[in-house]
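Visitor:
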Amino acid sequence: VFHDDQHGTAVIVAAALLNALEIQGKTLDTVKIVFLGAGAAGCSCAKLLKLMGAKNITMTDKTGVLDTDRKDLHDNNRALAVPVSVAKTLADVMPGADVFIGVSAKNALDAQLVKGMAKNPI
Numbered sequence: 030v031f032h033d034d035q036h037g038t039a040v041i042v043a044a045a046l047l048n049a050l051e052i053q054g055k056t057l058d059t060v061k062i063v064f065l066g067a068g069a070a071g072c073s074c075a076k077l078l079k080l081m082g083a084k085n086i087t088m089t090d091k092t093g094v095l096d097t098d099r100k101d102l103h104d105n106n107r108a109l110a111v112p113v114s115v116a117k118t119l120a121d122v123m124p125g126a127d128v129f130i131g132v133s134a135k136n137a138l139d140a141q142l143v144k145g146m147a148k149n150p151i
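In this text, residue positions in the sequence shown follow our numbering: the first is 30, and each later residue adds one.
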């Protein structure tokens with residue numbers, strides 16, 4: 030079964046990211062990736078990128094960082110949770126990020142967060 034919101038979005042994001050990484054001279058296994066949105070699309074994108082070799086992915090949602098301390102996570106989200114850290118919000122994890130993937134509400138990312146990203150952000 031092909032689920033467009035999950036699989037379709039993940040395939041397009043993966044293809045676009047691979048091209049952008051090549052243009053920027055970065056590699057999937059070394060970049061810091063931050064997601065805003067941990068629903069069907071976001072989780073599927075993150076899972077595919079992990080399968081492709083991404084090692085540093087942080088998921089966030091409207092509540093904050095998906096970490097192993099959160100009790101409100103579904104199994105789908107729990108598999109993508111990071112170990113507990115002091116970083117609890119999108120603003121906490123954006124500094125130094127190479128890649129931002131937004132699959133959530135509009136206007137959640139502001140110029141200040143983008144300015145704090147790594148050189149040549151995607």
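Here a beta-carbon is modelled for each residue, glycine too, at the ideal position from N, C-alpha and C. In this text the structure is predicted, and so the values were computed from the model without any measurement.
#1: Distance, Cα to Cα, S114 vs R99?
#2: Going straight from the alpha carbon of S73 to that of A116, what length do you get?
#3: Any idea what DSSP makes of V143, helix, strand or coil?
#4: Output the distance between the C-alpha atoms of N149 and N106, rounded to the nearest integer angstrom.
#5: Between the alpha carbons of L80 and M88, how many angstroms are there, rounded?
#6: By the DSSP assignment, the beta strand (DSSP E) with K155 in it spans what residues?
#7: Suppose the cutoff is 6 Å on Cβ atoms and the five residues either side in sequence are ignored; what does the same chain contact list for A9 look like?
Guide: According to the structure data:
#1: What you label residue 114 is simply residue 85 of the sequence shown in a count that begins at 1. What you label residue 99 is simply residue 70 of the sequence shown in a count that begins at 1. The straight-line gap from Cα to Cα measures roughly 11 Å.
#2: Taking the first residue of the sequence shown as position 1, residue 73 is located at position 44. Taking the first residue of the sequence shown as position 1, residue 116 is located at position 87. For S73 and A116, the distance between alpha carbons rounds to 23 Å.
#3: Counted from its first residue, the sequence shown places residue 143 at position 114. Three-state DSSP puts V143 in a helix.
#4: Counting from 1 along the sequence shown, the entry for residue 149 is found at position 120. Counting from 1 along the sequence shown, the entry for residue 106 is found at position 77. So the alpha carbons of these two residues sit roughly 29 Å apart.
#5: To locate residue 80, count along the sequence shown from 1; it is residue 51. To locate residue 88, count along the sequence shown from 1; it is residue 59. If you take the alpha carbons of L80 and M88, they lie about 16 Å apart.
#6: The question about residue 155 has no answer, for the chain in this structure spans 30 to 151.
#7: Here the chain covers residues 30 to 151 and nothing more, so residue 9 does not appear.
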